[in-house]
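Have a look at this one:
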């Protein structure tokens, strides 16, 4: 069973501390982690970096890290603006659950 972490509506460099702490606690639990990004309405590069770091942490420790649903429009826009729009099959599966949004 995975630990569920829900992002707040506003996750920017100024407010990212709570999300970072929640993810760290979840990973310390030694289980897989599911991240709910549905409520995200405001974000910046920091939230993308946090998700990428959590994904790398999970991979390094042989755990699953998943989004509970495909990236929402705010996250899609952030990925595009930061130049980190998924290109590989693994990235498309992670961010969009295998279906690139139109």
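Numbering (my numbering), first residue to last: 3 to 104.
We put the CB at the ideal spot given by N, CA and C, even for glycine.
This structure is a prediction, so every number in the text was calculated from the model and none was measured.
- When only Cα atoms are considered, residue 59 and residue 17 end up about 21 Å apart.
- Less than 9 Å divides the Cβ of residue 50 from the Cβ of residue 81.
- For the pair of segments examined, the region 92 to 103 was found not to touch the region 35 to 48: the number of CB pairs separated by less than 8 Å stays below three.
- With respect to the C-alpha of residue 44, the residue from 78, 95, 90, 87 having the closest C-alpha is 78.
- Comparing alpha carbon positions, the residue from 19, 66, 91 closest to residue 6 is 66.
- Per DSSP, residue 51 has no beta bridge partner at all.
- Around residue 84, the same chain offers 47, 50 as residues with beta carbons nearer than 8 Å, after the five sequence neighbours per side are excluded.
- Residue 42 is positioned such that its CB atom lies closer than 9 Å to that of residue 9.
- For residue 76, the uninterrupted alpha helix (DSSP H) run begins and ends at 75 to 83, by DSSP.
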